[in-house]
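**Student:** So the sequence lines, in the order shown, correspond to chains E and H. Quick note on this note's numbering: the first sequence kicks off at -9 and runs consecutively. Quick note on this note's numbering: the second sequence kicks off at -9 and runs consecutively. C-beta atoms are modelled at their ideal positions from N, C-alpha and C, and glycine is treated no differently.
2 protein chains.
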Amino acid sequence: MSKAKRVTITDIARLAGVSPGAVSFALNGRPGVSEQTRRRILDIAEQHQWEPSSAARALVGARAGVIGFAVNRPADTLGAEAFFTDLIAGAQSALAEHRIAMQMVLVSSVEEEVATYRRWRSANQVDGVIVIDPRDDDPRLAVLPELAMPAVVIGSRSSEDGQPASIWLDDGQVAHSLFDYLAALGHRSIAYVAGPAEFQHTRLRTEVLQGLSARDVAGEVVSTDSSPAAASDTMRSLLSRPRRPSAVVFDNDVMAIAGLRVAQEMGVSVPADLSIASFDDSVVAGLVHPSLTCITRDTFGLGAAAAGFLLEQIDAPEVLADRVGGLPQLTVRESTAAPR
Amino acid sequence: MSKAKRVTITDIARLAGVSPGAVSFALNGRPGVSEQTRRRILDIAEQHQWEPSSAARALVGARAGVIGFAVNRPADTLGAEAFFTDLIAGAQSALAEHRIAMQMVLVSSVEEEVATYRRWRSANQVDGVIVIDPRDDDPRLAVLPELAMPAVVIGSRSSEDGQPASIWLDDGQVAHSLFDYLAALGHRSIAYVAGPAEFQHTRLRTEVLQGLSARDVAGEVVSTDSSPAAASDTMRSLLSRPRRPSAVVFDNDVMAIAGLRVAQEMGVSVPADLSIASFDDSVVAGLVHPSLTCITRDTFGLGAAAAGFLLEQIDAPEVLADRVGGLPQLTVRESTAAPR
DNA sequence: CTGCGGAACTTAAGCGCTTTAGTGGGAAGG
DNA sequence: CCTTCCCACTAAAGCGCTTAAGTTCCGCAG
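In structure tokens:
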């Protein structure tokens, strides 16, 4: 097992009969070499399958060729939602063609997440980061600009000045399309089984539901930790009441499926006696019986958009205009109907 | 936004009144510094929140502090199965304490995967890789040793000499526990809706099923691309026959849920008229109605074990003994029963 | 008292790249 | 014919670390 000698910029330079500097210029598309020479160099590089060492690049303070993604969620519940994997897969698809890698790390608190960003910055380990689950008064949103770390936030909104650019999910509109639909069906008592209250989208959705009181719709919000177990418990207590809600909306598809099961166990017929819907879609949501009415978002596309946006920003840190991420749609399936 | 000057090994050396080399020795636990000095250096480092730049380390050929994970599956179906996310989450949990990051990249062919490994090696970008879905005659298994790239294979078996170490999932036993269970219930006609035939586990499971003919069990295998759509189609044609199988086993939970739905649509009662089971468990598998009998594997633990094993191997490349990864168990739920 | 071995450090080279400050030569301008 | 300028390119200095090859110095055997 001889130590495979790697080809370096010097080798390419020698082969092309130029200096390593010239190769660097050619590679990075900067002036200093003639078009003809550039082509020759690039050809030789390709022919010898040479790619610049990302370590060396990162060391001199140029691009690391990596973007970072710190996920702050309990590790064991990550797999339950398809959201992450879809998001990651989408981001990857956008990164792959640019030969950019994604570094993922699980953290267990916002503080740890911030520390991770600092570490990444000081070692020049990543060129930018994707941030999810923005909170009200989010420390991360202050740290990132301070570190001059390109970032894109996927979430409800941001856009105070000096905050990282964000892909803005119009959670208000999303909430409207679902809750309004239920109201229009005739539901006058709607329960919303939400995730942790500190997430911005939870607050937004809650506000929309409560705004429906103007239309004689009684909305009730239950905060949970987003676990299926919590969803089951909540559902059980909701259905044990003398006056049940006629529709229950869950924050994500797994919770909704858990809720659905409870309803079935308790002999409550869906959608005849109870409508169920979810703010997240997934393959299984359309596969269970009855299939679930959901807000369908192109999570894959969202990940791709976020990654693309991030790359743009790494290239031109000035441009900070927010973006709207895809248009979520209401997918009506079998689990919702007019109340009796 | 002044350019935040980063603290380097030289700063720490100066503060400790030693040379950078000494700091390096202290940091990496090698001889050359007294225990007393080592402590002092380490204290100062911590106090100034210094961590060595992984780029610089990687450049000199030492550890990159990153392990790689190239996933060769269609991007859009990744999210459907919880398997990946769980695996990744588990790996992360094992890596986090060692401050090792994981780099993930999606590839679309084995060739691309191999190319990725080569690139990683030549840029010293990762210290080792996790490989999944071993195939018969797998080119990856030959390339990795050639690259001297530490690797652990998660899969059915490997262990020809000169192949990377593997965490061995006893798919034979797994298949036995499920198929035997069904046979014991009295099923004499079992269909197995499998994934792509080139995966080793597919073959192993198939063999086990066919071995059951000795017990008068007629086994039938249908290869698919693992998509829920294929599962639905297969299920429909299976149930349209004059003589239906009395039990259908799916390669993963999403497929099983898709199959379940088809049965329900066609008015076939599960488990009274038909038993359904899956080789993969997930949260939702226990949540659908009827809940699914599954092989339950601690995927999270598997990821953690794989990552840990990989780290060991990076430290001591000689030790190559295979490992057995967790003990999968049969989780009997509502979807299986004795045939009429 | 000499010599020698080893522990505790220091020196300095070098990993593969980027980048700033040149250098040389040809074309344009006087 | 000489100057000036620009273009295409070279030279060389690092980036932050590791490591092989010293250098000191101290204790101890002879």
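Just how far apart, CA to CA, sit alanine 132 of chain H and alanine 138 of chain H?
**Tutor:** Rounded to whole angstroms, alanine 132 of chain H to alanine 138 of chain H spans 10 Å at the Cα level.
**Student:** Which of the residues in the region 66 to 80 of chain H, read from start to end, lie with their CB under 9 Å from any CB of chain E?
**Tutor:** Correct list: Asp66, Thr67, Leu68, Gly69, Ala70, Glu71, Ala72, Phe73, Phe74, Thr75, Asp76, Leu77, Ile78, Ala79 and Gly80.
**Student:** For the region 57 to 129 of chain H, list the beta strand (DSSP E) runs that are entirely contained and at least 3 residues long, ordered along the chain.
**Tutor:** Runs found: 91 to 97 and 118 to 122.
**Student:** Does DSSP classify arginine 313 of chain H as helix, strand or coil?
**Tutor:** Here arginine 313 of chain H sits in strand by DSSP.
**Student:** Arginine 108 of chain H: which of H:Ile31, H:Gly209, H:Ile90 and H:Leu134 sits nearest, CA to CA?
**Tutor:** Ranking the options by Cα distance to arginine 108 of chain H, first place goes to H:Leu134.
**Student:** Rounded to the nearest angstrom, how far is the Cβ of leucine 264 of chain E from that of valine 258 of chain E, given a contact under 8 Å?
**Tutor:** With a Cβ gap of about 5 Å, leucine 264 of chain E and valine 258 of chain E count as contacting.
**Student:** How many whole angstroms separate the CB atoms of leucine 168 of chain H and valine 239 of chain H, which I take to be in contact at a CB cut-off of 8 Å?
**Tutor:** Sure, about 6 Å apart at Cβ, within 8 Å.
**Student:** Below 7 Å on C-beta distance, what does valine 238 of chain E contact in chain H?
**Tutor:** Correct list: empty, because the minimum Cβ distance to chain H is about 15 Å.
**Student:** Would you kindly work out how many angstroms separate the C-alpha atoms of alanine 339 of chain E and threonine 321 of chain H, rounded to a whole number?
**Tutor:** Outside the displayed span of chain E (-9 to 330) sits residue 339 of chain E, for which this structure offers no information.
**Student:** Tell me which same chain residues have a C-beta within less than 7 Å of the C-beta of threonine 286 of chain H, skipping the five on either side of it?
**Tutor:** Around threonine 286 of chain H: Asp271, Pro318, Gln319 and Thr321.
**Student:** Going by DSSP in three states, serine 14 of chain E sits in which element: helix, strand or coil?
**Tutor:** The answer is helix: DSSP assigns serine 14 of chain E an H, G or I state.
**Student:** Report buried or exposed for valine 314 of chain H, applying the criterion of at least 16 other Cβ atoms within 10 angstroms of its Cβ.
**Tutor:** With fewer than 16 Cβ atoms within 10 Å of its Cβ, valine 314 of chain H is classed as exposed.
**Student:** To the nearest angstrom, how far is the alpha carbon of alanine 332 of chain E from that of glycine 51 of chain E?
**Tutor:** In the structure as shown, chain E begins at -9 and stops at 330. Residue 332 of chain E is therefore absent and cannot be evaluated.
**Student:** How would you call serine 43 of chain E, buried or exposed, if buried means at least 16 neighbouring beta carbons within 10 angstroms?
**Tutor:** Buried, by the Cβ-count rule.
**Student:** Give every residue of the same chain whose Cβ lies closer than 7 Å to the Cβ of leucine 77 of chain E, excluding the five residues on either side of it in the sequence, and list them in chain order.
**Tutor:** So the qualifying residues of the chain are Thr289, Leu292 and Gly293.
**Student:** Can you tell me whether glutamine 26 of chain H is buried or exposed? The criterion is at least 16 other CB atoms within 10 Å of its CB, across all chains shown.
**Tutor:** It counts as exposed.
**Student:** Using alpha carbons as the reference points, say which of E:Thr67, E:Leu277 and E:Thr(-2) lies closest to alanine 221 of chain H.
**Tutor:** Checking every option, the nearest Cα to that of alanine 221 of chain H belongs to E:Leu277.
**Student:** Are at least three pairs of beta-carbons, each pair with one atom in the region 76 to 95 of chain E and one in the region 81 to 99 of chain H, less than 8 Å apart?
**Tutor:** Yes, they touch.
**Student:** Using 9 Å as the threshold, is the C-beta distance between isoleucine 34 of chain E and isoleucine 2 of chain E below it?
**Tutor:** Cβ distance < 9 Å, so isoleucine 34 of chain E and isoleucine 2 of chain E count as in contact.
**Student:** Hey, is leucine 277 of chain E's beta-carbon within less than 9 Å of any beta-carbon in chain H?
**Tutor:** Chain H contact via Cβ: present.
**Student:** Consider the Cβ of alanine 86 of chain H: report whether some Cβ of chain E lies at a distance smaller than 9 Å.
**Tutor:** Yes, its Cβ sits closer than 9 Å to a Cβ of chain E.
**Student:** Can you give the Cα-Cα distance for phenylalanine 189 of chain H and isoleucine 144 of chain H, rounded to whole angstroms?
**Tutor:** The alpha-carbon atoms of phenylalanine 189 of chain H and isoleucine 144 of chain H are separated by roughly 12 Å.
**Student:** Indicate the three-state DSSP secondary structure (helix, strand or coil) for threonine 326 of chain H in the structure shown.
**Tutor:** Threonine 326 of chain H falls in the coil class under three-state DSSP.
**Student:** To the nearest angstrom, report how far apart alanine 267 of chain E and threonine 75 of chain E are at their CA atoms.
**Tutor:** Between alanine 267 of chain E and threonine 75 of chain E, the C-alpha separation is close to 22 Å.
**Student:** Who are the near neighbours of alanine 339 of chain H in its chain, counting only those whose CB is closer than 7 Å to its CB and skipping five residues on each side?
**Tutor:** No information on residue 339 of chain H is available, as it lies outside the stretch -9 to 330 that chain H covers here.
**Student:** How many angstroms separate the CA atom of leucine 175 of chain H from the CA atom of isoleucine 247 of chain E?
**Tutor:** If you take the alpha carbons of leucine 175 of chain H and isoleucine 247 of chain E, they lie about 29 Å apart.
**Student:** Between which two residues does the alpha helix (DSSP H) holding leucine 252 of chain E run?
**Tutor:** In the sequence as presented, leucine is not what sits at residue 252 of chain E; that position holds valine. That run of the alpha helix (DSSP H) goes 243 to 255.
**Student:** Taking a contact to mean a Cβ-Cβ separation below 9 Å, would you say glycine 69 of chain E touches alanine 79 of chain H in this structure?
**Tutor:** Their beta carbons are under 9 Å apart, which means glycine 69 of chain E touches alanine 79 of chain H by this criterion.
**Student:** Would arginine 226 of chain E pass as an interface residue toward chain H - the criterion being a Cβ-Cβ separation below 9 Å?
**Tutor:** Judged by the 9 Å Cβ criterion, arginine 226 of chain E is not in contact with chain H.
**Student:** DSSP on leucine 282 of chain E, reduced to helix/strand/coil?
**Tutor:** The answer is coil: DSSP assigns leucine 282 of chain E none of H, G, I, E or B.
**Student:** Under 9 Å, Cβ to Cβ, is there at least one residue of chain H near proline 186 of chain E?
**Tutor:** Not an interface residue.
**Student:** For serine -8 of chain E, name the three-state secondary structure that DSSP assigns.
**Tutor:** For serine -8 of chain E, the predicted model reports a pLDDT of 40, less than 50, meaning its position is unreliable; a value from the coordinates is still stated below. Three-state DSSP puts serine -8 of chain E in coil, outside helix and strand.
**Student:** Closer than 6 Å by C-beta to isoleucine 304 of chain H: which residues in its own chain qualify, once you throw out the five before and the five after it? Chain order, please.
**Tutor:** Here the set comprises Asp117, Gly118 and Pro140.
**Student:** Taking just the CA atoms, how far does serine 230 of chain H sit from proline 124 of chain E?
**Tutor:** In a straight line, the C-alpha of proline 124 of chain E is about 50 Å away from that of serine 230 of chain H.
**Student:** Assign arginine 330 of chain H to buried or exposed, taking buried as 16 or more other Cβ atoms, counted over all protein chains shown, within 10 Å of its Cβ.
**Tutor:** Answer is exposed; the Cβ neighbour count stays below 16.
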